[in-house]
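Working notes for the structure below.
Written out as structure tokens, the structure is:
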């Protein structure tokens, strides 16, 4: 079983910033993230540029990295799409993998898309089928799977039923997204454990925000529950529903650092990621939440216990 | 199986601060920590007052809480002792439970105590036997069990052999302390899993620092490996070997918050702990690492998934 890292900073991270990062800087950062060996990078999303100006250059970025001399050899470039128009734009500019989601909260779904869960699901499944027909990768996610800022508790049975619908439509790469940051480890174990029972062949992905300081514990609980795809943002950038809260997504370099100590993600180099985070900290002119930004990696990393017997042989590639 | 919380802030936390907290403030804080329902509170340590002035009032504190009208009904008051003189002082002023440890690093042990591991172990075992003879509780710990700032890697076999010696001498409450903050979850699972295999009846305790952002993940990994005693500091105060690093111990209120979401530690109230942390932040006049200090507990906590099936029935009291 191979652990896969999906960097969502250029999308989920930068979209949450007030200032718009210029295209040249984004290219430099994405180049460095590619150089680190990260498996999948979410370059942007296809939304209306006046609505989310931070994502206005998504097409330019995909076209840039489509050029034969720049196309990454192994890294997959993904994009978030919200509707058919976005899918069309993404197909036209060379997106490798499309990420699409439906909220498990009726209120959240209605407010964000104007559609209830059922209608949104039908629409997303049709879009996903189109993308697959064009030979593209697809990841389907349940958003607000662990709780919702509007509705509060989300019943696990509801999340499981949504995933079942995705699976029955033929999709196997499934992400549960902690859109608002409510996930806790016991819940992570329960939900992902239930999905593994439902279908042991699913490629399970997780997307956590570190709002209440449980991000890394949730990542560990997910790993132990059979999740193999991990979404995170360099520097811990990312959106957050509460303005007083300092943390966004789980921080990529912190996650890689923890996984390296377990013998996991051996193909990812933490150095270039940390460089991007340091530049982001300079650009945004404030301390960002990632811990390695403060501490650097563990001193003489290799001399500390580098792995625990039993884990790396099951999981490392 | 009952989960037990051991608050070490008044000792490990305050000892790391440059300023000395006055006795009246300490009393008020400890009173509030007792009111929260915390099981064990480490009030201080018996060291020379000129060496560690922050701990100079440890006897005064124990005498204060020994008075019949103030003695906590259920909370156990513990102290750290380093030598026979400290034990004597602790026995004289009413300590309920003694915490004693030996470093798994020969270098660290020599620097801290002037004795190698073997000699230090013999001495601690004799002191522990004296304390038990006086009807006191004892917790024996292996310090630097997960790595050492001087030596780097600590062989797991060494840690296990040290614990075996404690167990063969008749002691069952065993703590592994991440003195320098090097622990990572796979290592936590391996070491505590090995201890459970060695003797399933041990009362296992863990003590983590959040240096590289893995504190909460380590706590979760420890819980899943059969650890039932959790040591932490209010506000995430605590010593740390690297001056650039912002975090100390795992933060008590963050840990309680996470455990509550799993149905664990139902007897502990997060409110009074958070009050103490807020006062500490004011007193020390800087932002402290605890996350709940920034966010507060999850909104309408009860309305979010409060527990995961299967866990609370095994673990809550």
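Residue numbers (the working numbering), protein chains in the order written: chain A, 7 to 323; chain B, 7 to 323.
Heads up, the beta-carbon is just placed ideally off N, CA and C, and yes, glycines get one too.
Non-local C-beta neighbours of residue 119 of chain A in its own chain, meaning closer than 6 Å and more than five positions away in sequence, comprise 126, ordered along the chain. With contacts defined by Cβ atoms closer than 8 Å, residue 154 of chain A and residue 113 of chain A form a contacting pair. Three or more Cβ pairs drawn from the segment 256–271 of chain B and the segment 222–230 of chain B lie within less than 8 Å of each other, which places the two stretches in contact. In this structure, the CA atom of residue 164 of chain A is about 18 Å from the CA atom of residue 178 of chain A. For residue 19 of chain B, the number of other beta carbons within 10 angstroms of its own is at least 16, and it is reported as buried.
By the rule that beta-carbons nearer than 8 Å mark a contact, residue 260 of chain A touches chain B. Residue 95 of chain B carries a helical assignment under DSSP once its states are collapsed to helix, strand and coil. Residue 83 of chain A and residue 100 of chain A have their C-alpha atoms some 9 Å from each other. Using beta-carbon distances, residue 272 of chain B does not count as an interface residue toward chain A, since no partner is under 8 Å.
Sequence-distant Cβ neighbours of residue 282 of chain B in its own chain, meaning closer than 7 Å and more than five residues away, are 35, 38, 39, 240. When the five nearest sequence neighbours on each side are left out, the beta carbons in the same chain lying within less than 7 Å of the beta carbon of residue 96 of chain A are those of 52, 85, 87, 104, in order along the chain. At a Cβ-Cβ threshold of 8 Å, residue 94 of chain A and residue 48 of chain A do not count as neighbours. Across the set B:59, B:201, B:141, B:31, the C-alpha of B:59 shows the shortest separation from the C-alpha of residue 21 of chain B. The beta carbons of residue 264 of chain A and residue 190 of chain B sit about 6 Å from each other, so the pair counts as a contact at 8 Å. Apart from sequence neighbours up to five positions away, the residues of its chain that approach residue 45 of chain A with a beta-carbon distance below 6 Å are 10, 11, ordered along the chain. Here residue 222 of chain B is actually not in contact with residue 304 of chain A; their C-beta atoms are around 17 Å apart, not less than 8 Å. If you look at residue 276 of chain A, you'll find it in the alpha helix (DSSP H) that goes 276–290.
Cβ contact annotation for residue 224 of chain A (same chain, cutoff 8 Å, sequence separation greater than five): 184, 189, 190, 191, 194, 212, 214, 256, in chain order.
Residue 54 of chain B and residue 71 of chain B have their alpha carbons spaced roughly 21 Å apart. In this structure, the CA atom of residue 78 of chain A is about 11 Å from the CA atom of residue 68 of chain A. Inside the segment 187–242 of chain B, DSSP marks whole beta strand (DSSP E) runs of 3 or more residues at positions 209–213, 235–238, from first to last along the chain.
Taken in chain order, the whole alpha helix (DSSP H) runs of length 4 or more contained in the segment 146–180 of chain B are 162–174. The residue from B:17, B:206, B:76 with its alpha-carbon nearest to that of residue 173 of chain B is B:206. Bounds of the beta strand (DSSP E) holding residue 50 of chain A are 46–52. Around the beta-carbon of residue 32 of chain B, 16 or more other beta-carbon atoms lie within 10 Å, marking it buried. The Cβ atoms of residue 133 of chain B and residue 75 of chain B do not sit closer than 8 Å to each other.
Residue 225 of chain B belongs to the set of residues whose beta carbon lies under 8 Å from a beta carbon in chain A. Within its own chain, the residues whose Cβ lies closer than 6 Å to the Cβ of residue 27 of chain B, once the five positions on either side in sequence are excluded, are 20, listed in chain order. Contacts with chain B at 8 Å (Cβ-Cβ) include residue 190 of chain A. Residue 132 of chain A: member of the alpha helix (DSSP H) spanning 123–139, first to last residue. Beyond the five residues adjoining it in sequence on each side, residue 187 of chain B comes within less than 6 Å, by CB distance, of 215, 217 in the same chain, given in chain order. Against chain B, the beta carbon of residue 297 of chain A has neighbours under 7 Å at 218, 219, listed in chain order.
Counted as a single uninterrupted DSSP element, the stretch harbouring residue 62 of chain B is not any alpha helix (DSSP H), since DSSP gives it neither H nor E.
Cβ atoms of residue 64 of chain A and residue 50 of chain A come within 8 Å of each other, at about 3 Å. Look at residue 75 of chain B here: in three-state DSSP terms it is coil, with no helix or strand label.
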